[in-house]
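S.K.: This is the structure I have questions about; it appears just below.
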């Protein structure tokens, strides 16, 4: 059984017997005298096999389609040497080695042994110095480069397999091909030495035959020097030509298959495509050939050849133009039909997860030739967010929008604008609480696009003054990068889609496969896990500790399926991480708490509607509570602290829903989310009693 060039499996019942029989025949030829008629048949077979081998190498598309070539090369070389031995035996014993050798000696070289010997030497030189030497060098380089490239190819296959771009069977097949390529070029490196040795052997055998012929003819048969020279030299030259012409075909085949690059076409198709489809080159070559007769060279051959090449180039140019016109017409027709179909609007419905649109005055930010580094900054932002929040930020499409003002940019998520700003590329943005305290700074007063703080665009000449005054000076690209980072952080929950979830789960499965298999889909669906992670990101909780999150969900998901309740369980499991997130530089957590009466009132309200996460509070009462919390939080902020609201576990989520609309920057934590060893400094207690 064998695999054909097109991948078909072919059965050869007696192929192994034929191969063994061929080798045995070669051995018999070396020791058993052959009759001239049989030698003619075997010499003709040698020429036929060599020609078939050459044609095969010209028609293969990949070297692996003829991977048996190195072995065939060895067998053909051994076969030719056996023929040389048999023919030498007949020439020296009988002075006759069959019609084929005699014909080559008389007809091919005109019966002139000097001409024959010169032709034979030319063939040997061509084969030995030109073809064999080049093929040997190419084989050495190809073998070395193929072996050096093996690890990279294997890694590429593994990467494609892990990415799902190929199946397990395809990966195995590709690995086999890589190994076979290495084996083939390694074998060809050694087999090229056979071709070189064959050329040398042919030259030596010819010299031995001539000397032996002189000895036999003059010493044993009584021939004169002229008779012996004429008879035995012609036979030896004929024998050499019969042997060297097939050897030249095989060495040419070796050179072709070694220099053959993997392609979808055979050699003839490649040459036709790469030479004939260059009409300009053909026309120039034709004109040059037509000019040669002006130097005194014969007119007829160069005029005929030059005119033919020029007309061929002209025809190929017209053919290429017709094909191009046909392709354009087909493309126009295809687009016309595409617009007629209702499906043509589908691409218009696709939304990019995240976009950054730039006015025409900001295009230089993405032009690396103009020093723009926005693409590098975006890459750094995605890496930074991955390290901070543990999520994969989707690709950010950057495009120009001529409808925007020149210096304006817009950040969009799912096609909707979520932020915009204006940049002055030749100025610097100055930030700081004491801008008015530096009156010598002059510039354009604006709001910081990311956080809405008062800011000032100043010229380069005022940069040193601003830095000396302790103000923050930011270049325009950094302003955009900061705004983009802030948008990603605040909208992280929206950006965590199914594709991003798959990447996270695949990465976790590589390290903890049993954990993922236990959780999904046995306990929770991917959508439910995604919702829990989105809830965490919405409140700024990183999801890097996926192992803890998944373990908590695997345990809690067997008891409850509500994602809000599961989120609270996960938050409690991430207490140390959450505590670290809100610690002050001194190591303590600054907190705002509620009076026991307020907590009791809220618990009572929740007991009245246990299925709701919203507080059924009277509007006036809820508004009063929000005002009290806001006042205490602002007092803490004025003292340079970052407060959190500490609540009992059951009240955290309802209070978060209530306060998020009015005080979005105030984190709401439960007592379970602060580790016992962390000191808590209470900045204020919220009470709803009159007079408080």
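In my numbering, the protein residues as written are 703 to 1394. Heads up, the beta-carbon is just placed ideally off N, CA and C, and yes, glycines get one too.
With DSSP collapsed to three states, give me the class of residue 1114.
M.R.: strand
S.K.: May I have the straight-line CA-CA distance separating residue 1395 from residue 890, to the nearest angstrom?
M.R.: Any property of residue 1395 remains undetermined from this structure, which presents the chain solely from 703 to 1394.
S.K.: With 16 as the cutoff for other CB atoms within 10 Å, does residue 831 come out buried or exposed?
M.R.: By the neighbour-count criterion, in which a residue is buried when 16 or more other Cβ atoms sit within 10 angstroms of its Cβ, residue 831 is exposed.
S.K.: Just reading off the beta strand (DSSP E) that residue 1383 is part of, what are its end residues?
M.R.: 1382-1388
S.K.: Would DSSP call residue 1083 helix, strand or coil?
M.R.: DSSP places residue 1083 within a helical segment (H, G or I) once states are collapsed to three.
S.K.: Determine the closest residue to residue 990 out of 978, 979, 1004 and 980, with distance taken between C-alpha atoms.
M.R.: 1004
S.K.: Under the assumption that residue 1268 contacts residue 1179 (Cβ atoms under 8 Å), give the Cβ distance between them as a whole number of angstroms.
M.R.: That belief does not hold up - the Cβ atoms of residue 1268 and residue 1179 are roughly 41 Å apart, past 8 Å.
S.K.: Beta strand (DSSP E) containing residue 1101: first to last residue?
M.R.: Unbroken beta strand (DSSP E) run through residue 1101: 1098-1102.
S.K.: I need the DSSP call for residue 1296, collapsed to helix, strand or coil.
M.R.: Three-state result, residue 1296: strand.
S.K.: Under 8 Å, do residue 1059 and residue 1103 count as touching if we go by C-beta distance?
M.R.: Contact: yes.
S.K.: If you draw a straight line from the C-alpha of residue 1349 to the C-alpha of residue 1304, how long is it?
M.R.: Straight-line Cα distance between these residues: approximately 11 Å.
S.K.: How about residue 985 and residue 1016: are their beta carbons less than 8 Å apart?
M.R.: yes
S.K.: Taking the alpha-carbon of residue 1101 as reference, which of 1077, 793 and 1083 has the nearest alpha-carbon?
M.R.: With distances taken between Cα atoms, residue 1101 lies closest to 1077.
S.K.: According to DSSP, is residue 988 part of a helix, a strand, or is it coil?
M.R.: helix
S.K.: Tell me, which residues are paired with residue 1056 by DSSP?
M.R.: The partner list for residue 1056 (beta bridge, DSSP) reads 1098 and 1115.
S.K.: Among the candidates 802, 988 and 1368, whose CA atom is the shortest distance from the CA of residue 1295?
M.R.: 1368
S.K.: Are the CB atoms of residue 1080 and residue 1098 within a distance shorter than 8 Å?
M.R.: Yes, these two residues count as a Cβ contact at 8 Å.
S.K.: Using three-state DSSP, classify residue 953 as helix, strand or coil.
M.R.: helix
S.K.: Hey, quick one: how far does the beta strand (DSSP E) through residue 1364 stretch, first residue to last?
M.R.: Run containing residue 1364: none; DSSP gives neither H nor E here.
S.K.: Kindly give me the distance between the Cβ atoms of residue 1177 and residue 1111, rounded to whole angstroms, as I take these residues to be in contact under 8 Å.
M.R.: That belief does not hold up - the Cβ atoms of residue 1177 and residue 1111 are roughly 15 Å apart, past 8 Å.
S.K.: Here's the rule I'm using: 16 or more other beta-carbon atoms within 10 Å means buried, otherwise exposed. How should residue 921 be labelled?
M.R.: exposed
S.K.: For residue 1147, does the three-state DSSP call read helix, strand or coil?
M.R.: Of the three classes helix, strand and coil, the one that applies to residue 1147 here is strand, per DSSP.
S.K.: Can you tell me which of the three DSSP states residue 1020 falls into?
M.R.: helix
S.K.: DSSP state of residue 1356, grouped into three classes?
M.R.: Helix.
S.K.: Does DSSP put residue 749 in a helix, a strand or coil?
M.R.: When DSSP states are grouped into helix, strand and coil, residue 749 belongs to the helix group.
S.K.: Is DSSP giving residue 1321 helix, strand or coil here?
M.R.: helix
S.K.: Can you tell which of 1381, 1373, 1345 and 1330 has its C-alpha closest to the C-alpha of residue 1389?
M.R.: 1330
S.K.: Is it true that the stretch 873-893 meets the stretch 904-914, where meeting means three or more beta-carbon pairs spaced less than 8 Å apart?
M.R.: no
S.K.: Could you give the residue range of the beta strand (DSSP E) that holds residue 1157?
M.R.: 1156-1160
S.K.: Would you report the Cα separation of residue 712 and residue 875, rounded to the nearest angstrom?
M.R.: Confidence at residue 712 is low in this model, with a pLDDT of 45, below 50, so its placement is unreliable and the value that follows should be read with caution. Approximately 18 Å between the Cα atoms of the pair.
S.K.: Could you spell out where the alpha helix (DSSP H) holding residue 1391 opens and where it closes?
M.R.: Counting along the chain, residue 1391 falls outside any alpha helix (DSSP H), and DSSP gives it neither H nor E.
S.K.: Quick test of your reading: residue 910 and residue 934, contact by CB under 8 Å. State the CB separation rounded to the nearest angstrom.
M.R.: In fact, because the Cβ distance is near 11 Å, the residues do not count as touching under 8 Å.
S.K.: Using 8 Å as the cut-off, can you tell me whether the stretch 1369-1381 makes contact with the stretch 1338-1354, which would need three or more C-beta pairs spanning the two stretches below that distance?
M.R.: With a cut-off of 8 Å on Cβ pairs, the stretch 1369-1381 is in contact with the stretch 1338-1354, counting three or more such pairs.
S.K.: Could you name the residues that DSSP lists as bridge partners for residue 1176?
M.R.: Looking at the DSSP output, residue 1176 sits in a beta bridge with 1131.
S.K.: Could you give the distance in angstroms between the alpha-carbon of residue 1128 and the alpha-carbon of residue 1147?
M.R.: 15 Å
S.K.: Where does residue 980 fall in DSSP's three states?
M.R.: coil
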